[in-house]
Ligand code: SF4
Ligand code: SF4
Ligand code: SF4
Ligand code: FES
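Next up, the structure:
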């Protein structure tokens with residue numbers, strides 16, 4: 364037994380191989396580190412241990428020492444220290460690694476245990492995989508194949524339980540499929556802090572249910588669907604829409620607020636079917652809010668802008684951008700650019716350069732709403748910090764464009780470029796807007812797009828590639844999951860084209876191609892390339908902006924800086 | 368390219384040079400066919416007898432109680448090598464008599480211009496809902512006509528005997544409830 368390589372690491376032995384693991388690691392995670400799969404259902408890395416499924420049984424042993432002298436007892440046959448194996452298997456999820464711990468997962472006893480546990484789990488299972496949404500990503504299917512016996516010896520009548528219980532507006536429960544792992548219960552209690560689920564009845568009649576008179580309505584309810592290892596909990600929105608094996612997964616970021624929860628977008632042939640959280644232990648663990656999962660519906664919303672317009676006439680994005688350039692160039696010096704806290708940092712950088720080229724004032728519209736203390740923060744723009752980093756703005760944006768309104772009243776501004784912001788909602792009056800020519804680049808129709816001189820339809824976050832800077836000043840990438848509508852144009856393409864046609868620099872409309880210039884021009888981004896940003900993000904040095912009164916309160920993995 | 372070794376050509380024997388044995392051999396076959404019974408079919412008036420297990424046009428079938436068997440699990444869509452199948456899954460309304468089956472296709476299309484009659488869909492179907500039956504000839508004037516939609520697939524498929532009736536048994540169990548509670 365080698366000594367621990369580092370003080371906070373301890374060495375354990377899994378199936379004959381030594382591995383150094385951090386203190387407090389359980390046997391499942393330790394085995395994962397050496398590539399040994401310990402099957403489990405009830406264990407979840409972000410929830411408390413309940414140890415009820417018994418799928419993770421392993422054999423545990425400790426090196427033998429003489430009780431009196433504490434000297435190692437050496438096996439004369441092998442010349443190595445003898446291991447005292449506990450005769451009965453132990454659950455791996457609740458066994459914390461201790462120095463010298465020995466684990467065996469490949470013995471006949473363990474194989475038999477797993478077969479036995481699988482057989483019991485399947486005793487009352489309805490086996491309705493053909494109509495079950497979990498099929499294809501079901502732990503029960505996978506582990507029945509990997510560790511089960513492969514045939515059924517059960518001929519008795521199976522238990523009958525409620526099959527279609529609506530637990531809440533977004534979650535459907537099939538009790539026959541539930542394996543009583545209690546993950547959903549622990550999630551509601553420990554993470555969502557909304558303790559509404561529980562078991563009633565005993566033994567094989569145990570049934571998951573909501574407390575009488577309550578419903579699973581909290582904004583995190585769909586996480587229970589994600590962590591349910593079987594098809595007991597399903598999402599009413601995704602239910603029966605598409606099989607998961609057809610869906611392509613694209614990494615993305617939840618644009619709901621400055622938390623920047625990491626997500627996976629599941630799409631098939633250009634249609635998004637669902638959005639689920641992606642694990643990032645520094646940001647959102649394995650969770651995300653329900654509200655962020657519905658954002659894909661915006662892609663095909665009826666008010667989506669599908670065709671460019673110039674002076675009320677239908678046009679193409681290219682022609683509309685050319686017309687916008689013709690409008691902006693002569694007005695240089697009397698232009699205002701309203702950028703967006705929803706734009707990627709690359710788009711904000713190009714917006715800044717465009718404002719420079721036009722001698723324009725740049726604005727941002729703030730958006731705030733109370734946060735929930737978890738994964739939705741008070742700042743409902745995903746990328747205000749990106750605008751600070753790129754210098755698009757130097758202060759926190761207000762929700763109303765009062766200053767711009769004054770400039771318009773004074774006649775200082777003749778043209779306004781809005782990147783997706785509804786100027787009327789942001790406090791400008793119709794009379795003020797009547798005095799300026801508005802160029803609107805946005806995804807959805809609103810009061811501003813209705814009166815804009817030029818409208819260029821653009822892409823939603825699911826249709827673009829770029830990066831956001833979240834409340835922790837963590838730079839995180841998102842990728843295009845689906846193509847945008849035919850009549851629309853990528854924001855970055857639109858902005859770079861506009862920039863080059865108002866005689867600014869030319870940038871290729873690719874985030875990766877803009878990054879070298881960004882890294883050169885912005886000191887906190889120095890040395891960063893787009894490809895080099897890790898999947899879990901990269902922390903930027905935000906100390907320069909530490910004095911700003913950011914609206915965010917405490918949340919998961921986030922503590923606001925102490926107010927001076 | 369490397370030159371091949373020339374194969375020496377054997378000189379023809381005298382009999383071969385007369386061509387007579389070959390002509391007679393050929394005529395023997397001709398004469399035999401003159402006297403054996405005719406095998407040519409007057410297609411399309413006459414149709415061949417198909418062997419059991421023949422793989423014709425894939426169809427959807429109903430069970431003896433008229434329930435559509437397909438539950439839109441989309442396994443056939445997944446397995447189909449030329450991607451001929453296209454399914455829009457859907458939920459069965461809660462007030463339907465087969466509400467306990469929960470899921471059925473809203474639309475089901477098989478593109479017969481793509482189908483290669485491999486039978487994988489029939490093989491993979493967990494509900495025994497898709498069968499390659501005896502129809503082998505499909506014609507049409509447009510590409511759209513060559514796509515069998517759900518209505519057409521059930522029309523072609525009809526009813527097949529079902530020995531399991533597993534969904535009926537499921538409903539009976541649901542109605543009966545648990546033994547003791
Ligand atoms: S519903 Fe799912 S997560 Fe909840 S106890 Fe049952 S199997 Fe576990
Ligand atoms: S027979 Fe083969 S090719 Fe034709 S639909 Fe079925 S799986 Fe596809
Ligand atoms: S025909 Fe069979 S395999 Fe195809 S979707 Fe229907 S049930 Fe599934
Ligand atoms: S994972 Fe250990 S008992 Fe369930």
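Protein chains in written order, with this note's numbering: chain A, 364 to 927; chain B, 368 to 548. All residues carry an ideal CB built from backbone N, CA and C; glycine is no exception.
{"Asked": "Contacts that residue 493 of chain A makes with chain B (C-beta to C-beta distance below 7 angstroms)", "Found": "438, 440, 493 and 494"}
{"Asked": "Any non-hydrogen atom of ligand 1 within 7 angstroms of residue 545 of chain A CB", "Found": "yes"}
{"Asked": "Residue of A:584, A:868 and A:549 minimising C-alpha distance to residue 718 of chain A", "Found": "A:868"}
{"Asked": "For residue 781 of chain A and residue 334 of chain A, the rounded distance between their alpha carbons", "Found": "No statement about residue 334 of chain A is possible, as the shown extent of chain A runs from 364 to 927 and does not include it."}
{"Asked": "Contact under 8 angstroms by Cβ, residue 852 of chain A with residue 801 of chain A", "Found": "no"}
{"Asked": "Residue interval of the beta strand (DSSP E) (run including residue 611 of chain A)", "Found": "611-616"}
{"Asked": "Residue-chain proximity (residue 520 of chain A, chain B), Cβ-Cβ < 8 angstroms", "Found": "yes"}
{"Asked": "Chain A contacts made by the segment 451-470 of chain B, where a contact means CB separation under 8 angstroms", "Found": "456, 457, 458, 461, 467, 468, 469 and 470"}
{"Asked": "Sub-8 angstroms separation of residue 715 of chain A and residue 725 of chain A beta-carbons", "Found": "yes"}
{"Asked": "Proximal residues, the segment 519-540 of chain B versus chain A, C-beta separation under 7 angstroms", "Found": "540"}
{"Asked": "Contact with chain B by residue 552 of chain A, beta-carbon distance below 8 angstroms", "Found": "no"}
{"Asked": "Per-residue DSSP class, three states only, for residue 693 of chain A", "Found": "helix"}
{"Asked": "Interface residues of chain A facing residue 546 of chain B [CB-CB closer than 8 angstroms]", "Found": "520"}
{"Asked": "Inter-stretch contact (C-beta, 8 angstroms, three-pair minimum) for the segment 702-716 of chain A and the segment 674-692 of chain A", "Found": "no"}
{"Asked": "Reduced DSSP category for residue 491 of chain B - H, G, I as helix; E, B as strand; rest coil", "Found": "helix"}
{"Asked": "First through last residue of the alpha helix (DSSP H) which encompasses residue 391 of chain B", "Found": "387-402"}
{"Asked": "Contact with chain A by residue 475 of chain B, beta-carbon distance below 8 angstroms", "Found": "no"}
{"Asked": "Among B:513, B:441, B:470 and B:491, nearest to residue 608 of chain A - alpha-carbon criterion", "Found": "B:441"}
{"Asked": "Neighbour flag for residue 604 of chain A against chain B, beta carbons, 8 angstroms", "Found": "yes"}
{"Asked": "Outcome for residue 648 of chain A when other beta-carbon atoms lying within 10 angstroms are tallied against a minimum of 16", "Found": "buried"}
{"Asked": "Residue interval of the alpha helix (DSSP H) (run including residue 714 of chain A)", "Found": "708-720"}
{"Asked": "Supposed close pair residue 861 of chain A, residue 872 of chain A - CB separation, criterion 8 angstroms", "Found": "Rounded, the Cβ-Cβ distance is 11 angstroms, inconsistent with contact."}
{"Asked": "Interfacial residues, the segment 498-526 of chain A to chain B, with Cβ spacing under 8 angstroms", "Found": "498, 520, 521, 522, 523 and 526"}
{"Asked": "N- and C-terminal bounds of the alpha helix (DSSP H) containing residue 551 of chain A", "Found": "546-553"}
{"Asked": "Any C-beta of chain B under 8 angstroms from that of residue 608 of chain A", "Found": "yes"}
{"Asked": "Contacts around residue 630 of chain A, its chain only, beta-carbon distance under 6 angstroms, and the 5 residues preceding and following it disregarded", "Found": "611, 844 and 845"}
{"Asked": "Inter-residue CB distance, residue 475 of chain B and residue 517 of chain B (contact presumed, cutoff 8 angstroms)", "Found": "4 angstroms"}
{"Asked": "In DSSP terms, what residue 841 of chain A is bridged to", "Found": "A:829"}
{"Asked": "beta-carbon residue 443 of chain B near ligand 2 non-hydrogen atom, thresh 7 angstroms", "Found": "yes"}
{"Asked": "Rounded straight-line distance, which links the Cα of residue 789 of chain A to that of residue 764 of chain A", "Found": "6 angstroms"}
{"Asked": "Residue 662 of chain A - DSSP class collapsed to helix/strand/coil", "Found": "helix"}
{"Asked": "Close Cβ partners of residue 503 of chain A (< 6 angstroms) along its chain, the five nearest in sequence each way excluded", "Found": "593"}
{"Asked": "Cβ neighbour criterion (16 or more within 10 Å) applied to residue 429 of chain A", "Found": "exposed"}
{"Asked": "Reduced DSSP category for residue 916 of chain A - H, G, I as helix; E, B as strand; rest coil", "Found": "coil"}
{"Asked": "Check: residue 487 of chain B C-beta below 7 angstroms from any heavy atom of ligand 2", "Found": "yes"}
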